[in-house]
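Q:
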Amino acid sequence: MYIDAKLKLSWKRKMEKRPSFFFALLCWFLYAANPCTCSQNDTDRLALLSFKQAIERDPFQVLSSWNNSQHHCDWHGVFCSRRHPGRVIALILRSRGLVGPLSPHIGNLSFLRVINFQNNTFYGEIPQEIGRLQRVRHLILSNNSFAGNIPANLSRCSNLLFLDLIDNKLIGNIPAELGSLPKLGALGLAANNLTGRIPPSIGNLSSLYQISIRTNNLHGQIPEEFSRLGKLKDMLFAENSLSGEIPPGLYNISSIEIFNMNQNQLHGRIPADVGLTLPRLSSFVLSYNKFTGSIPVSLSNASGLMKIVLFSNNLTGSIPKYLGMMPNLQHVILAVNQLKGDLSFIDSLTNSSRLLQINVARNLLNGSIPKSIANLSKTMWLLGLSENQLQGTVPLGLDNLVNLRILQLAWNLLSGPLLTDFGKFQKLQYLTLSDNNFGGAIPSSLSNLTFLSVLYMRNNNLHGTIPPALGNLRSLIELDLRDNSLNGSIPPEVISLFSLSFALSLSHNQLTGSVPLEVGSMQNILLLDLSDNRLSGTIPSSIGKCLNLEGLFLEGNSFEGEIPQALSTLQGLRELDISRNNLSGKIPDSLVELDGLNLLNISFNNLEGEVPKLGIFLNSSAVSLLGNDNLCGGIADLKLPPCPFPKSNKNKFSSSLKISISVVGAALFLLLLVGFLFFWRRKRMSRSKGISMPSFNLPFLRISYAELFKATDGFSTSNVIGSGSYSSVYRGILEATGNEIAVKVLNLQRTGASQSFMSECKALKNIRHRNLIKILSACSSIDFEGNDFKALIYEFMPNGSLDKWLHPGNAREDGHMNLMQRLNIAIDIASAIEYLHNGCSSTIVHGDLKPSNVLLDNEMTAHVGDFGLAKFVSAISGGADQHLGSSSLAIKGTIGYVAPEYGMGDMVSIEGDIYSYGILLLEMFTGKKPTDDSFKDGLNLHVYTERSLPDKVMEVVDPSIDLSNDGRESLLNCMVSVMRIGVACSEEVPAERMKMVDVIRELHKIKDAVAEKYSPI
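Using my numbering, the first residue of the sequence shown is number 759, and each one after it goes up by one.
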């Protein structure tokens, strides 16, 4: 038969658009050759083969049986009908590791009743052709990577009973057409990226018994129409942005068992009769909302209730006393509310033999802990009573709860000795008894807690010695015993705990003796605080082995001898306070080598000699030298007397000059004394150990705290436009000029906030570039309550952060960017980073490059900001000595954007910034965050993109980028080029990463090519 080329092309297009046409045509040819070879069975067989052909990976070879050696009904995962031989009625390939798109030819399996592809890696859109499967009853596609919209024509599957699309990457609205599925009983759309409102038409699904739409970006109110779902059992609406009140009719659906509205913005009161109208409740979860009123007493009527979770609301009143009438109760989580009354509700909970958690922390509860607590179920693993107003002693018998893993009693008014036998808590991992009035000795039974990782006992009245047996706690990462009355020496067994990786705090006690040499065993510790004790002897040189130390506080003791040279090995050290001791000798020159140091207090010792003029000693506001009468020299701002000339030259000076020097010296001492009094007043007002603002070389605006207070309406929460680890950012208007500003206020209570402030000031004071955020001023002052206040003032960026444009959610639904805008922003960011690396007098590593730190002005020009982790590394290309720093320095940053070598202890480098830029670039053009839940088992954004190049790049491109114009092929080539740059910048090996100057050049080429074909809409 002769078919010309034109006819072939026509057929090809029809086959692409209509798979059923292809199969019918193929059967016609087969029938013409041999009338006995073709039947409807061949349609199913060919559809299955097309399904197999689309699969890209089959790691378990489950489709190897899909061949011509056996009938397709014998293939793995294929089930056929008995009434209709050869017709496929079920396709079950659950958890088989399959990777690839789902072939649209599946729509030709017209007898299918069950499709179960759960827990694979199917990607791409769900084929519209599934809407032709009118017999299908169970459609299970959960735990895959399907993207795009939910096909509205699934509504044609009129026999559908079970629809499970949970845990994919679906976007768009929930189709209102799903409300026309008359038999649908279960609807699972959770863990996707769905937006918009819940369609009221879902209320028409009279057979619906389960609906899960949790973990999406849905907003608006819950439709009143849901009150008609009379068979509903499970409602899982958690982790969205739903608002308003819950429709009253929902509380009247007596069949409901699971009622989960966690983490929304819902408000209103919980009906008093909820336990009567919902008698079958097993899980009642309304946490992280804005509910008010009291907890209904009627909940005790729901005898099957297992979980009551009302955490973080505005609930008031007392806790119902009859919760124990629910024998199956496992979780009672009522923390972070305004509940009052006592703990008498615990009496009834002794009847709940399956109880696992009680958490009522951060309320207004008072009274004593009832003795009945000893009779609670031994299955309990969490007891949270912290941050209340509880009084009295800890009752005997608490140690009956032998399976506790978390015990929280902090921030109460509890007193008396600790008579609990803690050794019985063999599984305990977290114990906090801080900020009470406990007395007596530290219980020796604590030493048996081999799984304990955190022990907080600070701010009590504990006395006696620190038990050496605490050295048995080999899992301990933090020990806080400060602000007690402990005496005796520091046990070597405790201070040598290798597991201590966060903090050891023993300050404000009455400890004596020397610091054991074993202190060097804590090689991973970040903070060591032994201040304000009665310790003596020399500061051991072995402390120089604690290479990860960021804070070392030894002030207020009786240490003597010289400052050890070994401190120079602590390259990660940020704060060092050895003031108020009896140290003597000269200041070691090696201290100038501590590049990360931002606070050095060596005041009130017996130090002598010349003060260095390098390193931290160049910043007078970061160094305190008061009370060392024999120090001299240094920079002029330290206002120390000049160092004397050698003795051989003394006879050249007249006696009158000597007298003058003495007078001047006395005057300087008086000035220093006044300065000291002011300094220590500031220190007492804030323990944050903050440092004042450095001077800027250029004329900046002088803005006071009062002006900033007025500009931001008293730092009103309504003016908050962003927040981070160390700060909050407010929008304001300066009264004097009318200019809009952004005010970054440091939270000085957070460790590291002052360092962040200084790093940003240091980085921004001398750099100027159109793509860097412009600082207008800095304010280091006292607020109206006498507390330290530090803030940075920037130009206001009207278009906010890049992060909000890439992942708009509900905040800016129309906030997508076209291709040209993204290219321009990518070039802007690259230009800023190139300037920091090569255009400044000292190389600056930004250290925290990510979309939320890129701000956009009115013209959508990008400005890189937030230099709180910036590092000056002008000698970065030096030898090994420059790479001996603390790994804690390196791992600062944001997960997903931090270069992998930082996690292995490497020092910060320009290559680390390039890695972050590569990840940011891939995020800009794929729309995926590097922390996307789908990235697991070795898959990350770099690998995800690299696998798509070059042929499948459109499968990873952000669907909001419009590539529909003419010249599509050229645009696709541009996308491939952009993705390759991102991949090249984010290579695992630093030396293999693309240079930033090359990045800029290539991006300009891509931009020029796009400009020829692309006209933004």
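For glycine and all other residues, C-beta sits at the position ideal for the given N, C-alpha and C.
Taking C-alpha atoms, which residue in Leu1207, Phe1260 and Leu1293 lies nearest to histidine 1266?
A: That would be Leu1293, whose Cα lies nearest to the Cα of histidine 1266.
Q: For serine 1003, count neighbouring C-beta atoms within 10 Å of its own C-beta (all shown protein chains included) and say buried if the count is 16 or more, exposed if not.
A: With the sequence shown as reference, residue 1003 is identified as glutamate, and serine is not the correct amino acid for it. Per the 10 Å Cβ criterion, exposed.
Q: Out of curiosity, what's the CA-to-CA distance linking isoleucine 1066 and alanine 944?
A: Going by the C-alpha atoms only, they are around 24 Å apart.
Q: Going straight from the alpha carbon of glutamine 886 to that of isoleucine 908, what length do you get?
A: Each residue's Cα considered, the two are about 9 Å apart.
Q: Which residue wins for smallest C-alpha separation from glycine 720, given the options Ile1301, Leu1165, Asn1339 and Arg1528?
A: The structure shown does not extend to residue 720, since the chain is modelled only from 759 through 1775, so no value can be given for it.
Q: Just reading off the beta strand (DSSP E) that isoleucine 1668 is part of, what are its end residues?
A: Here isoleucine 1668 belongs to no beta strand (DSSP E); instead the alpha helix (DSSP H) covers 1668 to 1684.
Q: Using beta-carbon positions only, say whether leucine 998 and asparagine 1018 come within less than 8 Å of one another.
A: At residue 998 the sequence reads asparagine, which differs from the leucine that was named. No, the pair does not count as a contact, with Cβ atoms beyond the cut-off.
Q: Out of Ile1301, Pro933 and Leu1285, point me to the one whose CA is closest to serine 913's CA.
A: The candidate whose alpha carbon is nearest that of serine 913 is Pro933.
Q: How do the segment 1216 to 1233 and the segment 1199 to 1208 stand: do at least 3 beta-carbon pairs fall below 8 Å, yes or no?
A: Result yes; three or more Cβ-Cβ pairs closer than 8 Å.
Q: Between aspartate 1615 and the rest of its own chain, which residues show a CB-CB distance below 6 Å, the 5 nearest in sequence each way excluded?
A: Cβ neighbours of aspartate 1615 beyond the five flanking positions: Met1555.
Q: Is the beta carbon of isoleucine 864 sitting closer than 8 Å to the one on isoleucine 888?
A: For isoleucine 864 and isoleucine 888, yes; Cβs fall inside 8 Å.
Q: With respect to the beta strand (DSSP E) encompassing leucine 1167, which residues constitute its N-terminal and C-terminal limits?
A: First-last for leucine 1167: undefined, no H or E at that position.
Q: How would you call alanine 1584, buried or exposed, if buried means at least 16 neighbouring beta carbons within 10 angstroms?
A: Result: buried.
Q: Using only alpha-carbon positions, find the residue among Gly1319, Pro958, Gln1323 and Val1711 that is nearest to isoleucine 1301.
A: Among Gly1319, Pro958, Gln1323 and Val1711, the Cα nearest to that of isoleucine 1301 is on Gln1323.
Q: Starting from the N-terminal side, write out each stretch of the beta strand (DSSP E) that is 3 residues or longer and does not extend beyond the segment 1269 to 1355.
A: Fully enclosed beta strand (DSSP E) runs of 3 or longer: 1285 to 1287, 1292 to 1295, 1309 to 1311, 1316 to 1319, 1333 to 1335 and 1340 to 1343.
Q: Phenylalanine 1311: which of Ile1345, Gln1329 and Ala1261 sits nearest, CA to CA?
A: Per the Cα distances, Ala1261.
Q: Relative to the ligand ATP, is the shortest distance from any of its heavy atoms to the C-beta of isoleucine 908 smaller than 7 Å?
A: Absence of the ligand ATP is noted for the structure shown, with no ligands found whatsoever.
Q: Could you give the distance in angstroms between the alpha-carbon of asparagine 1611 and the alpha-carbon of isoleucine 1533?
A: So the alpha carbons of these two residues sit roughly 14 Å apart.
Q: Do leucine 921 and glycine 946 have their beta-carbon atoms positioned less than 8 Å apart in this structure?
A: Yes, these two residues count as a Cβ contact at 8 Å.
Q: Quick check on DSSP: helix, strand or coil for lysine 1129?
A: Reduced to three states, the DSSP call for lysine 1129 is helix.
Q: Would you list, in sequence order, the uninterrupted beta strand (DSSP E) runs of no fewer than 3 residues that lie entirely inside the segment 1219 to 1273?
A: Correct list: 1219 to 1222, 1236 to 1238, 1243 to 1246, 1261 to 1263 and 1268 to 1271.
Q: Run through DSSP, which three-state label would aspartate 800 get?
A: Here aspartate 800 sits in helix by DSSP.
Q: Quick one: is alanine 1749 buried, meaning 16 or more other Cβ sit within 10 Å of its Cβ, or exposed?
A: So alanine 1749 counts as exposed.
Q: Out of Asn1059, Val1055, Leu987 and Ser1070, which one is the CA nearest neighbour of valine 1043?
A: Checking every option, the nearest Cα to that of valine 1043 belongs to Ser1070.
Q: Using only the alpha-carbon positions, how far apart do threonine 1470 and alanine 1464 sit?
A: Roughly 10 Å between the two C-alpha positions.
Q: How is methionine 1578 classed by DSSP in three states: helix, strand or coil?
A: Here methionine 1578 sits in helix by DSSP.
Q: With respect to the alpha helix (DSSP H) encompassing tyrosine 1702, which residues constitute its N-terminal and C-terminal limits?
A: Element bounds for tyrosine 1702: 1699 to 1704.
Q: Return the CA-CA distance between valine 1152 and valine 1212, expressed in angstroms with no decimal places.
A: Looking at the two C-alpha atoms, the distance is approximately 20 Å.
Q: If I follow the unbroken beta strand (DSSP E) through serine 1536, where does it start and stop?
A: The displayed chain sequence assigns alanine, not serine, to residue 1536. Note, alanine 1536: beta strand (DSSP E), 1533 to 1540.
Q: Could you tell me the distance, in whole angstroms, from the CA atom of serine 1462 to the CA atom of leucine 1492?
A: Taking the straight line from one Cα to the other gives about 11 Å.
Q: Can you give me the C-alpha to C-alpha distance between leucine 1466 and methionine 1215, rounded to a whole angstrom?
A: Leucine 1466 and methionine 1215: Cα-Cα distance of roughly 39 Å.
Q: Below 6 Å CB to CB, which residues in the same chain sit around glycine 858 once its five sequence neighbours on both sides are set aside?
A: Here the set comprises Ala812, Ile813 and Glu814.
Q: Span of the alpha helix (DSSP H) holding alanine 1469?
A: From DSSP, the alpha helix (DSSP H) with alanine 1469 extends over 1463 to 1469.
Q: What is the rounded straight-line gap between the Cα of isoleucine 1449 and the Cα of isoleucine 1540?
A: With a pLDDT of 30 at isoleucine 1449, under the threshold of 50, the modelled position of that residue is not reliable, and no figure is offered here.
Q: On the three-state DSSP scale, how would you describe cysteine 838?
A: Of the three classes helix, strand and coil, the one that applies to cysteine 838 here is strand, per DSSP.
Q: Restricting to Cα atoms, I'd like to know which of Phe904, Asn874, Thr879 and Asn902 is closest to valine 894.
A: Considering only alpha carbons, the answer is Asn874.
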